[in-house]
Structures are given as structure tokens and as C-alpha cells.
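Chains as they are written, first to last, in the numbering used here: chain F, -14 to 169; chain A, -14 to 169; chain C, 9 to 284; chain E, 9 to 284; chain X, 2 to 90; chain R, 2 to 90; chain V, 210 to 584; chain G, 210 to 584.
The beta-carbon is built from N, C-alpha and C at its ideal position, and this holds for glycine as well.
First comes the structure, then the notes that go with it.
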Ligand SMILES: Cc1ncc(C[n+]2csc(CCOP(=O)(O)OP(=O)(O)O)c2C)c(N)n1
Ligand SMILES: Cc1ncc(C[n+]2csc(CCOP(=O)(O)OP(=O)(O)O)c2C)c(N)n1
Ligand code: SF4
Ligand code: SF4
Ligand code: SF4
Ligand code: SF4
């Protein structure tokens, strides 16, 4: 769990639910008693262009609300990966979609790849829950927030009637996340 | 004729052509090679409320454009007279309509009364030229500008077809002005 | 004169010029208000900026003299905040149709319960005689010294097309009709609009050889025709005439402020039901 | 595709969402322009702010992307300065009818030679889905979460009442008709206005169970009726249907920029005569 | 009912701006131009059409009907009040 | 005149956003959904109604007529140009 | 104290407004303020209030004033372009002493600029945007919680002083989500509008439409009865009272946070979202052994000139980082009046200033000449 | 040199505009600027130009920008309320670098205020009235002749720098009639709009609609081709260049009159109509043996800070009389930066400041404490 200050940058393209994922992560942190700030960046073409969410967690005060030296970067597309990898702190974690992200830039960080989109598409038949799968992966690998808090936060935010789907997405995410972490 | 700085304040009510009179006086001065500034003050109800024109003449530069210690006050109504008499310099000239202005405030100035409106109404049958009569009176008494310049300025500004009427108004004004000056 | 009961007499005589029609329109409005039976203290009169807009200052009731063109937008706030008040907008053609044109069509579209009386003199009086969107083509104003090139709005038609549900036109020459239309407008639940031709002898008149107030009244008499008569006239005969009358009246459209209140009540009732 | 000749292809794909009708309207406009025979370099396209207003950026010609709602006012300046240019305004219903409503009715009143194409999606797309003056009553938007209470404008009728001299309506479903109307509008000398329904699946659609672009196209097909057919239908049948077609076309009113030029020429000729 | 006739026509000379609209459109020519305000010439011809009062832009003319005694009294007060501050605004 | 038929239907996969309008309203069902863009299924049924091209919001589908050789060449250039900068804007 | 929750800045503004008793909202959508309207469209009817989306921002401001004069607590929210359009009617609210709250969630200008990015470019406009002299109160929060608190405060000040109050936030603060623990409902001070007999000498009692008082309101100069006048003496009294009622409460309105100032050689003055960057920069600088402190004004107008002057006496330099080309830095210069060096730092490329980029600026401020400060 | 004639300030503005090659006017009537529109309605068609009265001030500003982009020299004139409404599109002109002239004949504000009376209440608004950072050039004449000269100048600066230029006059100067001797036609410098190959590095060449250049213009941040962009580096470059092109020409734009400053102990800084009162006051003071001088800036924005700073070094106090509650005095304070005392004097009752009333202020400035300065 985050102690001093823990930063995550979640990046992908509009429509992938990246910002929702950021919000859920921050909400999970709040449920777990942490301080949290979530910010975002988007263009006018929010429905297609690049999209980025940043989450900062801490047990204490959070002054600067954006990431400076991210502990984790979740990259859902190659573009996002190329653009934000430099934001990772030394020894940070780059979590990349196994299929979508081609060629990870060199750097002093740990790389974990997981089939996030593929799992959503093939196992869950709903690409739209890739963001929840990603959250599962991210928390499984980083333990940034307790899994119960994360599940609670997911269920509180997803549309009624989709709880079961999202619960499964999260569970699968955690599963592939653990597997990937071991392999890396 | 004005040397250093000569100030006139022309006051009456909207619709009396007070501002036009001020403009003509200033134009006459320019024709005569003097420097001149004319300013005015009016309310939204310009067609009835109080109306005031100020004219400053000089052979040199005119800095402050309004009257401070007027050499002449032309008062076409009692209200105007009461309101502005205090602006006259010591030894200045108060030129008041003989019929319209009742009760001139006490002060250290010369008072000349002339039947301005009455002349326009009765002799000329056109109350609207009272302002031109007034100009005739004013210049006859003060010699602020040469009469030829004044006539030229009047004729340049009045509507086409009314030249004769205005010429007569001016002449009558000069006449009653001279008469009044002698009597005062 | 009963009218004086509705006036802040301490501020009379008003600022309007000799023969200006605005005082006559104001009188007609007062008589319509008095006839309505609505308590003097339930009215709020709202205006913009212009000679005509000063009318609200003379009325002895709640009054709001706003910024130029915005009367209907302010009035919309008042009506929604206190739907029980009778909100009446009094303003000029420049105010309502030039700078304020957008608020006019949107208030009409919403069918919000505001009665609007347009003092139409076809000119900007307050600023000394420039053309307005109601200046008829060909006339002279200080900004159309060679004759006006633009067409004027048929304001009643515009308001109707925008959604107004009571629309009528008269003149100060036809002062009794004008008062009658205003009184029907006040009785109407929805956006009601009465255009009253009101001469500006000082600026419109003088520039167009009608400087005499009486001449302007004659012009109003001679250049207008009642809708009933107009219906029986040939297009040729109607040329250059403006039609007076009631052009539109419907009660089928719900008034906006009322609809909003209903929605609020419904939602709160639903919520309370949920809660219990 | 010939359309590409009129596009700044280096900036494609455009920013519009999956299934957004704006690209379709743009295509229709391009084809009408190409059909008009007017040189590409004689067009100036002007817009306000909104998803639709971005259209002018994609057109490979003189283009002006102005402030929200003001396209027609800017366009008026251009047209008067260079009457020979073909000035075309492309903008959304929010831009033209909400904040820009006043400029719309005044441009129509003056009958200035500007062709206006309204991309009507009944919503504010750019700001993510609030109601517009063209949102039909009852529909849901982010600012009418309980169903919209206001009525929408009949924009064609409004423009006609304001003085527009060519007025027509179509949809992107009826894309060929839309292009035909735009092409007639371009040929018209005066203020011409074409309203084209253009779906916003992202915001209008999703909130109203029509998130799928195909569903929105079906809705356009099923909720509209051609004016010819409408004339033969009972009021009952017409309920809830929007009529498409050409509603107004007259050549009797002089175009404003041309009239102004004529006046200038006449005055200068008179002065020169005086001088000689 | 007795024939209605005017008891008096009162003109508020402070408010009247002498536009002469009342005079011009009075069918029986009851009113005549005066100095600064109309004067009542032949009251007896007045048909009580009230148009002079209704059209007066300045609330300056009032046609008082013969019978309307009580109402008239009331107004007297208001008019007096008005005169008290003729130059405001 | 020979019967007009489609030579090809070209889809610009970079511009296409997969809205599927072209597919839904093609009467003879020439097009089918694909991965991210429509695929041409039975070109021979195409009636050259052109509605897919006209309605496409993304200038991403072009129906090329059998005869219109020369015009086609021209377009090739423009399309290539377009592809060159797919991510601007 | 309520449960902790993650809340968006714009949402906190909505919660604050409702807590303050908001009854009326009229506005026109614009990024990045729109969430405020959207949430209120849902919440206000349930609270018995009124939400309306008007035809434009001018109308939104007008309707707000109308509703306020009819007795409702009223507000609008917008961003740069809309704020420009509201200026005329903002001046009307000032001269008619109509309480209301105007939220400006700042984005990059001028003109349409960059609609989805943050800036602080409207700070001077908030002070001077409408024509003529007029009083202004503008509050600028740095966090989600403070957005809530200052919204409540804005209504209190508006009602108490009968002034329009501007809540000047920005895209970062407005869109940021942050853990907050809101105070219990009803615990924050609320003001009433001054009533007959209970009004301070410089704020006239307020009567509303529909109360039978025959209230007359005009944007012309007016006397105590509300009626228009052109009398110079009355005009003079009115305009000086309007300015004076805010000016004389400068001390009460001033809200400043102080950090590490006791031994500071360099002070940073920052506000809004940039204060977050600045505070971190100050901490980083302290880690590096620099004696840097910080002053954060939460009320920008009236400007806390006395506080700045006091600090100027004691430090070697005041550094003012802003997301504009230098606006508040001018006020700091004025207040400092030569007592210390004032160093501006501008970032105007739409990105939030990063703490690290301030470190060299602080360094340079301490020993000028070592590098070109600012950009 | 032409014949001497009596000319009104607003008329001089018209004559200056026509001399500068004005071809297009769009506006909306408002006192006390209306004469400008009225005269142009008569004159422009005869000059082959276009006059149009638009539906409101917003539209007037828009049409002016449209016409300018189509190649015409264009202007509009207004007063306070209209100036507030034009702000959004003024910012548009700034970011799109569209040359145009906006005349504001100031009257008493805020809001409708006192429409027929003079004030200087829009000076800060002229600088900061629109949202976002933007460059501003504002000229302020003190006489009828100078109204003519500065109008010509305004067009020259607008064309040369591709900026909107504000001519900030006032009811006194606009309505005053004064003897003038205009320079011969064609003798004053006129600038051309920068053309390809002949443009300075910081002002891009201008192409107009209808020239076959497929010009694209937007109020969004844009790159060198004019197309919108969200790239921070491009945005940064654009906004800094826009501000820089005016800032870097501060020296050329500065126009100051100096009177009796050589031996002055007290300096008066005054502009617009008040400079006339101040100059007389200075002369009266000199008659009384006081060593008083005067600095009159004719260009208010950019503000002549270097000139003020230089004087601040030498005098005991700078007195700044204004017909507002103190606007330019703030700039003077900032420029003086503690080097001298700065004393504001406000008159806000709609009357032009009288020379006599400044004498005690000057007295007090010399020996503070003898009376309460200012009001
Ligand atoms: C924003 C703004 N623009 C312009 C003006 C100047 N102005 C005052 S009244 C008016 C027009 C008045 O015309 P109208 O509404 O027809 O009323 P009238 O005076 O003719 O009765 C104008 C342009 C203003 N006060 N505010
Ligand atoms: C003055 C101003 N107000 C508000 C906005 C925000 N805004 C941008 S586009 C828009 C509405 C867009 O709707 P529409 O014109 O219908 O176009 P669409 O996006 O639906 O195509 C709004 C409100 C703005 N840019 N400027
Ligand atoms: S100027 Fe015209 S509208 Fe105004 S008061 Fe005079 S007559 Fe009436
Ligand atoms: S938001 Fe709507 S209008 Fe905008 S691009 Fe998307 S679909 Fe089109
Ligand atoms: S109508 Fe009224 S103002 Fe006119 S003359 Fe008659 S009484 Fe006097
Ligand atoms: S009431 Fe009729 S008849 Fe009698 S004086 Fe008046 S206008 Fe004449």
C-alpha cells in the first residue's frame, strides 16, 4: 500500500475508459482510508484522441496533484507508452497491454505485460470492460489499494446490471496480473 | 476682442438652440483668427431639460476647455441664471433675457437685460431664432468677435433658405444689445 | 384620473418629448393593468434601455430597468423565481428587436408567462435617431441619410413563428384597441406580445417631414389598416399599409414557468414516495 | 473521390465521432459547391464554435472559424467588404439558433447574400450533450435529465418570418436531397438557409436509446416526411413528424450587399455629376 | 339614463407639453390652442369620447363627467400631489 | 449504354470509424462488417446507388465505377496523400 | 464531519452552492465549467429550485440577477468566453447591488484558445472586465475542499455586502477529483441579505420583488429611493459607497495561507492550482536547504496588499508563478513598492506548472544573475 | 497645412479614420460615440466604403473583423456598455492578429451609469477586459487635433502589428469643439499590412480572403499554417509572440508630452481630458511658485513605465488625477516601485476635474500631512 506518495499514470485512447479507471482507483484508495487525487487530460476530440488519467495516493497531504515521477504507468496503446514512459521514476513499473503495445522504450523500470484487451474481448466478450481488467492487473501487481476496496469502488461506479460482468473482469484482471508479475 | 483667455457660458433649456449658439460663437472666433474651444453639457432629456454651452476664446493655447471664471453668462431662463451666476468672474457680464429671467442673484457683475425671446417671437415671428438674437446681443455688448465673422458663422450653419431670417435676427440682436448696453 | 394611482407622480412630468407616443402607450398599459384586476403589488415591470424603457420608472410598482436589450432575460429570471408575479416587459423596438432580438425569440419559444409590450417608434429615440430593425425601408434616419436600405421585421409574425402564443398589434392613434390588446395579453397564460406603434416626432418625424406630433398621428391613422378590413382588400391596396389586429392566440401550449413548477412538484413527490 | 479536392486532406481523419452526421453534411456541401461551378477560391466558409463548426477547417478554401454564435455577423462583414465572394456559413443548431439566434434573424431580415447551412443535431455536441433550442420537447440531455420541457424552434419557419428568401430542410439520411437544397441555396441571390438534420449518436443518441449510428439514421428516416406527402396527410398523422422540403423561395427582394453597392455607385455618380 | 355630458375638462398645465394632439383629433372641436396648453372652448359640445384624455401622452388632460362626483374628488388629491414636484426626473 | 457496374469499392481503413451506416442501408447487402471497417462481400450486386459513399461521414468509402478509369487514377493520388498524415487534427 | 469521499472540484462547487442555499441557476454550457450546470440540472429541481439553460451567457447572467432580485440565491458558471460576455451584466449587478455568484472555471485564452486546458488568464479581467469603476470580490480555491468552502463563502459575502462575487477556479481545480471530508451541513457561516433596520450603514437594506415594496432598480446612477438621478453629488456618493463597502472590509475578506514564512529569505506567492505546484516546490527547495516560504491568497480581489507588503519587508525576493503572462505579479509589485525584488514566472502552454521547474527560479531569485529567470 | 476650423472631437476621429484609409465601419449607436457612426454613415458611401449598423455591438465588432480579414481597413466606435460587449471579439481579433480600430468614447459607468457624462473608468478594462492574456495598444487623446492624429496612428499601428488598437477617448474630448489645423492629406505616416517577404519576424504576413490563398483563421491556438493545434510548444510560442510583438515595440509606441519637468519637485501624470485640467493646474501652481511639472502619456497601453520610473527618481511625488476611482495610478505606483510617493486623485461625479481643485492636492503632495489628499 502507498505510504508517502504513490503516483500512477493511466494512458490510452479516448473511449477506453481510462479516466473512469483512474477515478475508481482513487475511490478505492479513499475507501481504504488513503488520501487521493485524480486528474486527467483530454482534448476536444475526447471520443478518439489520446486520454490520460493520473492518480496520486498518499497517507498524508497531497500538494502537487499530478504525477512527477510516476510509480506506475499503465499503457493501453503504443502511442501512450511512447509518450509517457519517460514519466516513470527509476525502478518504476510499466504495465503494458501485451497485444496493443509494441516496442517498449528502454528505461530503468520493470516491465510487466498482460493481455488486458484480449482478455476483455475474448474471455468477457466485452471490450468495454478492458479498463476494469486493467485495474485488476494494476492492483494485483502493485498492491496500491486493497482488493476489497477496489471491488467496492468498481461496483459503486459501474452501471446497474453490469455488476457481475465487472466483478468477473476485475477477478480476471487480478488473475492475469498475478501471472504476468510472476513471469516478469 | 479676446486677448488672454475669454470665457462665456450660455445657458437655457433644451430646444432653445443654446449649443448651436455656442458653436457659432466659437466658429466666428476661428474665422477671426482666434483659438476657440466649445464644450457642452446636456442630459438624456436633451429635448427639454437644462442645456449649457461653454466657449473659451484666446489668442494663444487653451488648456482647460471649460469655463472657470466666466467673463460672460448668457441666461435664457431663470433656472439657468440661478444655477450659473456664481460662475461669473468678478466684474463679469450677466446677460439675461428681459422677460424670461426673473430675479437676478446678487453679485459683483454687470447685468444687461434684453428682450431676446420677445424679439424673436414678436419681431421675427419665429421663437426658434432666439439663439441668433442672443448671439447678436452678446457680441454687441462684449465685442468678443468681429460682427462680420459672426455673421459669416451664422450663415454658414443655419439651414438653407433661412439665411435672411437669421441675418435679420442677428441684426436685431445687435440693435437691442447696443440699446440695452447703453441703458445698463 | 385613475391612471395616476399607478404612477410615481412625484417624478412627472416624464422625460419624453412633446408629442412622443410613449406616454400614450404607458397610459394604455396602465388602464389594461387596472382592468385586469391584478393587485398593483403583484406586477413587476421590466425594461431595457431607451426612451420607452423609462416607462418602468414611472410606474408605481416593482420595476427593473435593466441593460439595453436584456429585459426579457432578466424577466425570465424573475418569472421563474416567482411564477405568481405578473411580469410585464415594456421596451422599445430597438431594445427588443435589435440588441434584444435573441431574448425575444427564445422567450417566445419557451412560452414563458411574460407580457411584452413593444413601444415601436421605428427608431432609436434615446440615442437621437438611428435606424432600428423596425425602420421601414426608404425612410431617413441619422444612420440612413440616403434612405434606409434594409427591410423591417414583421415583428408580430416573427414572435409568432418563434413560438409566442398571443400576438397583436395596434397604435397610439388606436389607443383603445391598444389597451384592449394589452389587457388580453395580461389575461393570457403564456408568452404574450403586443406591438404598439408610438411616434417619435423628434427624430423619426423631423427627418421624414412629420415633425409635428399631430402629423405623426395622422400618419399612423392613414398608413394602417385593421386586419378585418385587410382581409377584404386586394394586395395592391394593401401596399404600404401595416395591418393591425390580433394575429395569434392559442392556449394549447403550456406556460413554461408553470410547467417547470409542475415538474419540480412531480419529482419531489416521486422522491418522497421513494423515501417512504 | 472528387470531394477530396475541396478538403485539407492532411488534417483528416476529422475529429468527429463514429457515425456523427457532420461529415455527411460536409460531403453534401462540397458536392453542392462543386456542382455550382463557382471557383474554389471564390468561396469563404465561416463558422462559429461547435463540432459542426470545425467543418470550415477541413475545407480547402478561405475559412473563418469565429467565436461561438457569431459566424453570421463576421460573414456579414466579409460579404459587404467583398460582395463578389460566395460566403457560406456552416454551423450547428446551438451556434446558429441559441447564442447566435439574433444574428440569424437579422441576416435574414437584411437578405444579405450568405448561404447558411445549419448542422442540426438537436444538441450541443462539443460540450458533451446539453439541450439546444432544437432539442425536441421530452428528449433527455445532460441538462434536461428529466426530459426537456421547452419547445424547439421551427427554424425554417423562423428564418422565413425573419426575412430569409430561400429556406429548406433535409437530413443526412436524405443526403442527395440535402446536397440539392444546398446547391439551390448557393445559386440563390439573397439570404439562403438550409437546415440539415445530422445525428449526434454520442450525446443525443446515447441518452435517448439511439447510441448506434444506424439507429439514428433510421430515426431520421422514420420521423420525417417530405413536404409533398405532408400536404396530403391528416394533422393526426403528421404528429411527431418533421416536414422536409423547400419552404420558401422568392427572388423579389433585393440582396443587401448588392443594394448597398448600387447605392454607393449612385451616390458617387451623383456627386461626380455635381462636381462636373 | 340621462345624456352623459362633461362637467369640466381639466388641463394640468405643468405636465402638458402642448403637443396639440388632443386638439387636433377632437371631432366637435371642444379644445383650442392656448399659450403653452390647450384651452377649453365649447365644453357643451364634448361627446365624452375621452380620446383626448386617452391619447394625451402626458397625463395632462382629464375629462370629468357630470355625474362622476365622488370619483373626481379622489383624483383631485393625486393631481395636487403631482403638481407638488413638477421638475423632478 | 452498357449496364453500369462497380469496378471496386475502396475503403480507407485509416479514416473509417466503423459506424456501419454504409452496411446498414445498402439494399443489396454488398458490404459486411469487418474488423474495424466494412468489407466488400458481393461487389457484383452493387447497383451504384452511391448512397454508402454519399452517407459515409468520414470520406472513407468510394465506389469506383467500371468505366470511370481516368477519374479513378486521379483520386488515387489524393487518397494516398490523405493516408500520409492520418493522425493530424 | 461527513464521510470522506472522492469529489470533483466542479462537484464541490455544486455541493457548496446547495449548502449555501442556492435556489436558482441560469447559464450556458462551456467547457470546463459544464459539469456544474449538469449536476445542478439534476439537483436543483429536487431541492425545489430552478435550473435553466439560457440562450447565451448574457441571458444567463441577466436571469440570475432577475431571480436574485426576486429573492432567490442565484448563481451562474462559465469559462473565459462566457465570462467576457457576462461582463456588462456583472457591472449591472454591481451598481444595483444584487447578490449573486459567478463561477469562472478558467481555461486557456484569449478567445476560444484551448478549451480543455487550464490557465489563470482571467484574473485581471475578474477585477477590471466591465466598464466603469465597480467593486469586485473574487475568490480562488486551490483544492476541491476549498472549492466547497469558498463557494459557501461566496454566497455569504454576496448576500452580506450585496455584491456579485466571482469564484475564480481553473480547469485543473475544477476537474480534479480529490478526497474530501465536508463539514457537517449547516455548520459554515451563512449571511442574510441586509434587512431594514438591520443593515450596516454602507449596505442598504434589500427588498425583493413581490414583497409589496414597489422596489425600483436601475443601472443608471440613482438616489436612495432607487430612482435615476444626474446629480453629481448623489452620483459621487453612490460610486464611492459601492467601492467602499468592499474596500473597507478588506481585512475581513483577506484569506491567506502561510507556509514556512518565519525564516524565509524567498517567498513564493501563488494561488489556485499553481499553489499546489508551488507548495511542493517550496518543500523540495527546503529539502535542498533553501529558506523558502509561501503565501497563498484565497481571496484575490480585494488583493491582500498589506500582507504582501509585510512580507516584502522581510524577504529578498517574492516569486510569483502563474499560468498566465504575469497578472497578479503586477499587484505584488505594486504592493511591494520596491521593498523587495519581485520575480514573475509564467507558464502559458496549457500545462500545469511542475514543481521542479520552479526550483531554478527560486535559486535565481536568491542569487540573481546566475541564470535568466522566468521564460 | 489646411485651413483652421472648429471641429468636434468625434468628427476629428472620423476625419482621421478617413485620412487613414478607413473603408468599413460597423457599429451600434451609443452615447457619446454616436456622432462617429452618423458622420460615417454619410461619408463612407461617398468614399466608396461601407457603413453598417449591426444588430448589437458584438455583431459590430464581428463584422469589423470580417471586413478586415477581407482586406478593408475597418473600425467601430462605442462607449462603456458596448465596449464590454465587444470584449469577447476583441480577444478574437488579438489572437487572429486582425488589424482594426475600436474607439471607446468613455462615459460614466458602471452599467448604464450616466450616459451623457464623461469619465475615464474604462482604462483598465481596455487593458484587461477580455479573457486570457492578449496584447493591447490603447491611445488616449487630449484634444481634438490629437484625436485626429491618434486615429491615423491607430490604423498605422493596427496594420503594422496586426493588432486591434483601442482609441480611448471620453465624452469631453469627443464632444468638445476646438480650433484645429489639420495636416495636409497624405502627410502623416501610414503603415501597410505585412506582406510575404516584407514582414518583420514577429508579425506574420497577412493574406486576405478572396486572394486565392486559402487562408484559414481560427480563435483556437493555431500553428503557422493557421490550423488549430493543442501542442503545448506551439501554443507557448504563439501567445508569447502575440504579447511580444507589442511589448518589444514599447519604446516606439510610447508617446509622452513633458511640461515643466526639468526642475519639478512634483510631477503630475494625467491623460485624456483631465490632462487639460492638469496642465492648467500646473500653470496655476507655477504662478504660485510651486515647482510642478507634468507628464502626459498619449499611449496608455503599453504603459510608459520607463518614463515614469525615470521621473520617479527625480521628484518628491507624482500626482495622478483621474476621472475614476484610481486606475492608471496603480500603474504609476508599480512603475515608481517606491522611488517616490504616488498620490491619486479621483473625481467620479461626472464633472471634469477643475484646475483649482488640484492645487490643494499638489500642495499636499509636496508637504504631506497638511491635509487629506484625494477624496
Ligand atoms: C449595450 C448598449 N448599447 C447601446 C446603448 C445605447 N442605447 C441606449 S437606448 C438605445 C436604443 C433605443 O431605442 P429603442 O429601444 O427603440 O427605444 P426608444 O428610445 O426609441 O424609445 C441605444 C442604442 C446602450 N445603452 N447599451
Ligand atoms: C461564448 C461561448 N459560450 C459557450 C461556448 C461553449 N460551446 C462550444 S460549442 C457549443 C455548442 C455547440 O453546439 P452546436 O453549435 O449545436 O454544435 P455541435 O457541437 O452540436 O455540432 C458551446 C456551448 C463557447 N465556446 N463560447
Ligand atoms: S426622442 Fe423620440 S422616443 Fe425619445 S422621448 Fe423624444 S419623441 Fe419620444
Ligand atoms: S459529439 Fe456529437 S456532434 Fe460532436 S462529433 Fe461526436 S457525434 Fe458529432
Ligand atoms: S394632448 Fe396632452 S400634452 Fe398634448 S396638448 Fe393636449 S393636454 Fe397638452
Ligand atoms: S372627450 Fe372627446 S369630444 Fe370631449 S373634448 Fe375630448 S376629444 Fe373632444
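**Asked** Excluding sequence positions up to five away, which residues of its chain have a Cβ less than 8 angstroms from the Cβ of residue 20(E)?
**Response** Within its own chain, the residues whose Cβ lies closer than 8 angstroms to the Cβ of residue 20(E), once the five positions on either side in sequence are excluded, are 66, listed in chain order.
**Option in 45(C), 68(C), 26(C) with minimal Cα separation from residue 434(V)** = 68(C)
**Prompt:** Got a sec: which bits of the stretch 435 to 453 of chain G sit with their beta carbon under 7 angstroms from any beta carbon on chain E, in order along the chain?
**Reply:** 436, 437
**Request:** Count the other CB atoms, across all protein chains shown, that sit within 10 Å of the CB of residue 20(F); report buried if there are 16 or more and exposed otherwise.
**Result:** buried
**Prompt:** Leaving out the 5 sequence neighbours to the left and right, which residues in its chain are closer than 6 angstroms to residue 545(V) when beta-carbon positions are compared?
**Reply:** So the qualifying residues of the chain are 521, 551.
**Prompt:** Comparing the C-beta of residue 215(G) with each C-beta of chain C, is any distance below 8 angstroms?
**Reply:** no
**Asked** Whose C-alpha, out of 43(F), 127(F), 156(F), is nearest the C-alpha of residue 140(F)?
**Response** Checking every option, the nearest Cα to that of residue 140(F) belongs to 156(F).
**Request:** Using a threshold of 8 angstroms, state whether the C-beta atoms of residue 112(A) and residue 102(A) are closer than that.
**Result:** yes
**Request:** Say yes only if the C-beta of residue 151(V) is nearer than 7 angstroms to one or more non-hydrogen atoms of ligand 1, and no if none qualify.
**Result:** The structure shown does not extend to residue 151(V), since chain V is modelled only from 210 to 584, so the question has no answer here.
**Message:** Quick check on the DSSP output: what are the complete beta strand (DSSP E) runs of length 3 or more inside the stretch 16 to 81 of chain F, in order along the chain?
**Reply:** 20 to 27, 35 to 43, 55 to 60
**Item:** Amino acids of chain B, ordered along the chain, whose beta-carbon sits closer than 7 angstroms to that of residue 20(X)
**Value:** The displayed structure is made up of protein chains F, A, C, E, X, R, V and G, and chain B is not among them.
**Asked** Relative to the C-alpha of residue 566(V), which residue among 494(V), 541(V), 517(V), 524(V) is closest?
**Response** Residue 494(V) is the option with its Cα nearest to residue 566(V).
**Prompt:** With 8 angstroms set as the bound, which would you pick, yes or no: does the beta-carbon of residue 567(G) sit closer than that to a beta-carbon of chain V?
**Reply:** no
**Message:** Taking a contact to mean a Cβ-Cβ separation below 8 angstroms, would you say residue 234(G) touches residue 270(G) in this structure?
**Reply:** no
**Prompt:** From what residue to what residue does the alpha helix (DSSP H) around residue 243(E) run?
**Reply:** 243 to 246
**Request:** Please check if any C-beta of chain G sits within less than 8 angstroms of the C-beta of residue 51(A).
**Result:** True, the Cβ-Cβ gap to chain G drops below 8 angstroms.
**Request:** Examine ligand 6 and report whether any of its heavy atoms sits within less than 7 angstroms of the Cβ of residue 22(X).
**Result:** no
**Prompt:** Cα separation between residue 97(F) and residue 125(F)?
**Reply:** 12 angstroms
**Request:** Within the stretch 182 to 258 of chain C, note down every full alpha helix (DSSP H) run reaching 4 residues or more, in order along the chain.
**Result:** Taking only runs of at least 4 residues, the alpha helix (DSSP H) segments lying wholly in the stretch 182 to 258 of chain C are 183 to 195, 221 to 230, 235 to 239, 243 to 246.
**Request:** Starting from the C-beta of residue 477(G), find all residues in its chain whose C-beta is less than 8 angstroms away, skip the five residues before and the five after it, and write them out in chain order.
**Result:** The beta carbon of residue 477(G) is closer than 8 angstroms to those of 487, 490, 491, 501, 502, 503, 504, 527, 528, 529, 530, 567, 571 in its chain, skipping five residues each way along the sequence.
**Request:** Quick one: grab the DSSP three-state call for residue 169(F).
**Result:** coil
**Asked** Are residue 506(G) and residue 465(G) closer than 8 angstroms when you measure CB to CB?
**Response** yes
**Request:** Count the other C-beta atoms from every protein chain shown that fall within 10 angstroms of the C-beta of residue 58(R), then say buried if there are 16 or more, exposed otherwise.
**Result:** buried
**Contacts that residue 8(F) makes with chain V (C-beta to C-beta distance below 8 angstroms)** = 215, 386
**Prompt:** Taking just the CA atoms, how far does residue 322(V) sit from residue 428(G)?
**Reply:** 6 angstroms
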